[in-house]
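Colleague: So the sequence shown is numbered by numbering that gives the first Met the number 0: it starts at 0 and just counts up by one. Where is the CB? At the ideal position from N, CA and C, for every residue including glycine. Can you keep this structure in mind? I'll have questions shortly.
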Amino acid sequence: MTSDDGHERVCFQLQVKPERIPEYTERHRAIWPDMAAALKATGWNNYSLFLRGDGLLIGYFETPSLAEAQAGMAATEVNARWQAEMGEFFVELDGAPDTGFLRLTEVFHLEDQVA
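This is the structure in structure tokens:
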């Protein structure tokens with residue numbers, strides 16, 4: 000869905016291998032500064048990850064364009080390194096984590112109903 004300011008709200012799902020959860024969590028305590036800068040520069044705004052105890056990972060971010068945000072990151076050197084390292088953490092991943100995720104369909108947004 001699109002927010003009032005024209006940004007797409009993107010929610011996605013991945014599955015972290017249960018035995019890799021501690022390391023996955025630790026790596027996200029402080030991501031590489033150049034990775035954080037690249038995400039912001041390419042339109043990954045208000046980005047959060049939520050992890051359930053069995054490895055279900057839900058991500059959320061807002062962006063002017065998902066396609067442009069993914070293309071922008073694909074053009075960075077830091078993203079290639081990050082995706083290569085992170086890919087091994089996931090179950091049944093079709094592609095890199097930043098493009099192989101399952102996008103979830105938004106069915107409710109409070110602000111849409113109270114506006």
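Could you check how far apart the C-beta atoms of Glu7 and Leu65 are, in whole angstroms? I think they sit under 8 Å.
Modeller: Residue numbering aside, residue 7 sits at position 8 when the sequence shown is read from its first letter. Residue numbering aside, residue 65 sits at position 66 when the sequence shown is read from its first letter. At roughly 5 Å, the Cβ-Cβ gap stays under 8 Å, so Glu7 and Leu65 are in contact.
Colleague: On the DSSP bridge list, what partners appear for Tyr46?
Modeller: Counting from 1 along the sequence shown, the entry for residue 46 is found at position 47. Paired residue(s): none; Tyr46 is not in a bridge.
Colleague: Hey, quick one: how far does the alpha helix (DSSP H) through Thr24 stretch, first residue to last?
Modeller: By one-based count along the sequence shown, residue 24 stands at place 25. Counting along the chain, the alpha helix (DSSP H) containing Thr24 begins and ends at 20-26.
Colleague: To the nearest angstrom, how far is it from the Cα of Thr98 to the Cα of Pro32?
Modeller: Within the sequence shown, the letter at position 99 stands for residue 98. Within the sequence shown, the letter at position 33 stands for residue 32. Taking the straight line from one Cα to the other gives about 21 Å.
Colleague: Measuring only the C-alpha atoms, how far is Tyr198 from Leu101?
Modeller: Nothing can be reported for residue 198: it is not among the residues displayed for the chain, which extend from 0 to 114.
Colleague: Please report the residue range of the alpha helix (DSSP H) in which Glu76 lies.
Modeller: Your numbering for residue 76 matches position 77 in the sequence shown. Run containing Glu76: 76-85, per the alpha helix (DSSP H) assignment.
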